[in-house]
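All remarks here apply to the structure that follows.
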Amino acid sequence: MSIRCADLAKVYEGGKSGWPALRGVSFEIKTGEFVAVTGPSGCGKSTLLNIIGLLDEPSGGKYEFNGRNVVSMTDQERSEARLGQIGFVFQSFHLLNRMSSLENVCLPLLYAGIDSREMKVRASSLLHKVGLKGKERKTPLELSGGERQRVAIARALANSPRLILADEPTGNLDTASSREIVDLLFGLNAEGITVVMVTHDKEIAARAGRNIKLRDGRLEE
Amino acid sequence: MRAIANAIKTGFAEIWAHKMRSVLSFLAIAAGSVVFIDAFSAIFATYARLEQQKTTSGMARLKVTQNYSQTYSSPDDYVPPPVITYDDVIKLREKMPDFFMVSPEVKDWHNVLEYEGRRMVTNITGVSHEWVKRDFVYKLRGRFIDQHDVDNKLRVCVMVRKSAPPPTNIFFKSMMKKWNFTGGFDTLVGHNDLLGKTVKLDGFTFTVIGMLEELPFSKRPHTILGSNQDYKVLAPVTTLTHHNIIGSYQSLDVNIDTGDERGFDEAQRKIKNFLKIRFGDDEFFVIENQLELIKERIGDSIKSSLVTISLGMLAFLAGGIGIMNVTLATVFARTKEIGIRRAIGASRGDIMLQFIVEAVMLGLIGGVLGSAIGYLWGIPIKVMVGMDPSQIKPWMPLVSVFIAVLTAFIFAIYPAWVAAGLKPADALRAE
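These protein sequences, in sequence, are chains A and B.
Sequential numbering of the first sequence, starting at 685, is according to this note's numbering.
Sequential numbering of the second sequence, starting at 94, is according to this note's numbering.
See below:
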């Protein structure tokens, strides 16, 4: 698991010359690291995370994911990488509300083509792992914010990824739930999963092994 | 396979979650199905009828009639034109033994029929034993006039008993009742079994040897040229001319079936030649080419079928556009969901499949519903309101469902492609 960015730039379309979100960011993330990406609102944190997670393409610079330049990857290859190697956790959970928590966790397994019986076993064991035993049939709307985020984490873990990307996972949670979620993420990191987390919370950032500070689309170290 | 199963499951949830939208869109497709089934059964009925008409009426038909449009420069020039007699018909028959039918026919109006002291005005048609060969839409009781009757000028006759009028709606039926179209003759044969009885025709005693009972409209074989001639009493043409019931000045019409379309033109020429030799001039008579007429009718049927089919297709097109509209709306309403699915690893193909499967399900539901409605409309409802039931073949609903599904599939490709083309990051940002 390696992430290497060199002079990464992203310009959003709009206006005459577009709106630059990233203006030349270079860094490297190694396997097993816990990286907190911090910075004020609108400094490009989420954009950076989207690019790392292959949800978006950089408009300049070079990004190597596992030694491979992402520009040369096809959409299918990116989808497969997201499916098997990357897990996302979002601030607003991004669960499908009409499905049960079990079905939400099953979704990545389904796209991975896992057999349906094994899928259910794996999904419920993941829900067990994040502390949601007995809530498999509940839909996200019947769960508290913290519980929803746990479902999201279980879903992110479904295909045993080696990288978790968390975009302000505690942004919508109260202090107690936040602590639990962060503990969960640190626990995963301890198991060897690389975690990159965008956060506003200085306390959490301080716990991370490494901080990447962004300001106006540039690194501030 | 699993991906499809999942897409079906999601599709069901999605259709259920947006009932109104889904109902509207599959109703559009259902309407297409109904029109399609109706159109196809109409076409089938038309073709079935045509086939039946061909076997009942024959194709290679000619009719020789007197030329009424002959002009004369002055009244002094007028010479009564020659008439075709039964002797001419016999000669013609001798010359053309291969013809399927050479049937003379002559009608007289205002004849007096007397039975058990009751008198009524009727009409009499003089025919030969060949009359039954074509356009026979009756059930015969007793026997028909045979060659023996014709050759010996026997005083025998056959009577026609009308069936109930064709099924029409209630309004029309009450009109029929009010105006009472059935005359004295129909009442007479309707209420008395005349078979074997004797009647008087214009004062001559005739024996009723047969009854022609018209089959009910739906069971009656159809004729191409129309059997709307009002036959009441049929008798040997020779008997009628012998007793002067038919005047000797009346020319016989000759209905001919040459039996084969291939030799038709040749046969026509031969008849013309025969008339020329026999009467000195072929201008006295007209040979109506009924094959042309029949072909025209068939052509018209094909044209109207094409119109009907295109109507059905247009209905499907409208349904397809409805599906496309709904699918596009669904794509925009679920942009965020598309983003989520993409983020957790769904490929473009997975997303496309999702939307296509949903649209196809709408098409399937619409097709099945439409076929059911089409069937209900085509048979029980039509019968209830007094219309002819549609000829729905078992494959028609199947084809209709298939076309509904195909239409949905085709019209879902574009919206699905739009959905698959959304950038994951952009889609996730959507609200």
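Just so it is clear, CB atoms sit at the ideal spot from N, CA and C, and this is done for glycine as well.
Because the structure is a prediction, the values reported are computed rather than measured.
Judged by their CB atoms, residue 807(A) and residue 789(A) are nearer to each other than the 8 Å cut-off. Considering only beta carbons, the part of the region 104-130 of chain B lying closer than 8 Å to chain A consists of 106, 110, in chain order.
Cβ contact annotation for residue 136(B) (same chain, cutoff 8 Å, sequence separation greater than five): 398, 401, 402, in chain order.
As the crow flies, the alpha-carbon of residue 337(B) is around 38 Å from that of residue 145(B). Using a Cβ-Cβ cut-off of 8 Å, residue 869(A) does not count as an interface residue toward chain B, since no Cβ of chain B sits closer than that to its own.
In this structure, residue 455(B) sits near residue 118(B), with a CB-CB distance shorter than 8 Å. The Cβ-Cβ distance between residue 195(B) and residue 347(B) falls below 8 Å. Across the region 824-837 of chain A, no CB contact with chain B closer than 8 Å is found for any residue. Separation of the CB atoms of residue 686(A) and residue 753(A) is rounded to 13 Å, and the pair is thereby denied contact status at 8 Å. Using a Cβ distance threshold of 8 Å, residue 811(A) and residue 99(B) do not count as a contacting pair. A Cβ-Cβ separation of about 7 Å places residue 709(A) in contact with residue 732(A) under the 8 Å criterion. Its chain contains 216 as the residues whose beta carbon lies nearer than 8 Å to that of residue 323(B), once the 5 sequence neighbours on both sides are disregarded; these appear in chain order. Taking 3 residues as the minimum length, the region 787-836 of chain A contains no beta strand (DSSP E) run wholly inside it. Along the region 426-438 of chain B, going in chain order, the ones with a CB nearer than 9 Å to a CB of chain A are 429, 430, 432, 433, 434, 435, 436, 437, 438.
Residue contact with chain B for residue 772(A): present (Cβ-Cβ distance below 8 Å to some residue of chain B).
Within its own chain, the residues whose Cβ lies closer than 7 Å to the Cβ of residue 482(B), once the five positions on either side in sequence are excluded, are 471, 472, 475, 476, listed in chain order. Look at the beta carbons and you see the region 811-831 of chain A touching the region 771-787 of chain A: at least three pairs across the two are nearer than 8 Å. Residues of the region 848-870 of chain A with a C-beta less than 9 Å from any C-beta of chain B: none at all. By the Cβ criterion, the region 213-227 of chain B is in contact with the region 186-204 of chain B, since at least three pairs of Cβ atoms, one from each stretch, lie closer than 8 Å. Boundaries cannot be given for residue 343(B), as no beta strand (DSSP E) includes it and DSSP labels it neither H nor E.
Annotation: residue 516(B) to residue 763(A) spans about 12 Å, alpha carbon to alpha carbon. Using a CB distance cut-off of 8 Å, residue 521(B) counts as an interface residue toward chain A.
When C-alpha distances from residue 832(A) are compared across 842(A), 819(A), 884(A), 843(A), the shortest belongs to 819(A).
At a C-beta separation below 7 Å, residue 734(A) has these neighbours in chain B: 518. The continuous beta strand (DSSP E) containing residue 195(B) extends over residues 194-208. Residue 313(B) sits in coil when the DSSP states are folded into three classes, being neither helix nor strand. Secondary structure of residue 883(A) (DSSP, three-state): coil.
In the three-state reduction of the DSSP assignment, residue 183(B) falls in the helix class, which pools H, G and I. Per DSSP, residue 483(B) lies in no beta strand (DSSP E) and is assigned neither H nor E. The C-alpha of residue 372(B) lies about 36 Å from the C-alpha of residue 293(B). Note on geometry: alpha-carbon atoms of residue 520(B) and residue 112(B) lie some 25 Å from one another. Here the alpha carbon of residue 895(A) sits roughly 11 Å from the alpha carbon of residue 711(A). The straight-line gap separating the alpha-carbon atoms of residue 880(A) and residue 426(B) is approximately 31 Å.
Ranked by Cα distance from residue 190(B), the first of 419(B), 352(B), 116(B) is 352(B).
Here residue 127(B) has 463, 466, 467, 470 as same chain residues with Cβ atoms under 7 Å from its own Cβ, once five neighbours each way along the sequence are excluded. For residue 711(A), the enclosing beta strand (DSSP E) has its first and last residue at 703-713.
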